[in-house]
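Engineer:
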């Protein structure tokens, strides 16, 4: 299952056959796969969520993560994704987009993970 800008279906075999899904159907597939990974392969969930963040609205993914019980993994993925943005304005905009959905504790966790990833990516550690 793959997601990305311009994909007509998350299932590469359906896409090759010329079959397509709308964005809502792809989001449903992403939600089902996230729940499956959370239950059966939690070590792969972080990476999978990171592939979803550039494609789907992060607040929608956050709500799904909260409902699915994997909010901590989502926060970790979102912090790493955010740290990869080149400019401070992009990072602030992304954080501000999610901030209203996070508790104070979750916000602190996001900031801690974000700072660690930002420093790692820029060789400051």
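Residue numbers (the numbering used here): 9 to 133.
Built from N, CA and C at the ideal position, the CB exists for glycine as well.
What three-state label does DSSP hand residue 61 in the structure shown?
Structural biologist: Note: residue 61 maps to coil in three-state DSSP.
Engineer: At a cut of 8 Å, does the segment 31-49 reach the segment 88-99 through at least three beta carbon pairs?
Structural biologist: Cβ pair count under 8 Å is below three, so no.
Engineer: Would you say the segment 27-44 touches the segment 59-78, given that touching needs at least three Cβ pairs under 8 Å?
Structural biologist: Result yes; three or more Cβ-Cβ pairs closer than 8 Å.
Engineer: Find the nearest neighbour of residue 68 within the set 98, 105, 53 and 131, judged by alpha-carbon distance.
Structural biologist: Checked all of 98, 105, 53 and 131; the closest Cα to residue 68 is 105.
Engineer: Can you tell which of 20, 39 and 127 has its C-alpha closest to the C-alpha of residue 92?
Structural biologist: Comparing Cα-Cα distances from residue 92 to each of 20, 39 and 127, the minimum goes to 127.
Engineer: At the level of alpha carbons, what is the spacing between residue 142 and residue 19?
Structural biologist: What the structure shows of the chain is the stretch from 9 to 133, and residue 142 is not part of that stretch, so it cannot be assessed.
Engineer: Mind checking whether residue 83 and residue 53 have CB atoms under 9 Å apart?
Structural biologist: Against a cut-off of 9 Å, the Cβ pair of residue 53 and residue 83 comes out as no contact.
Engineer: Quick check on residue 70: buried or exposed, where buried means 16 or more other Cβ atoms within 10 Å of its Cβ?
Structural biologist: Burial call: buried.
Engineer: Taking the straight line between their C-alpha atoms, what separation do you get for residue 95 and residue 116?
Structural biologist: If I take the Cα positions, the gap works out to 21 Å.
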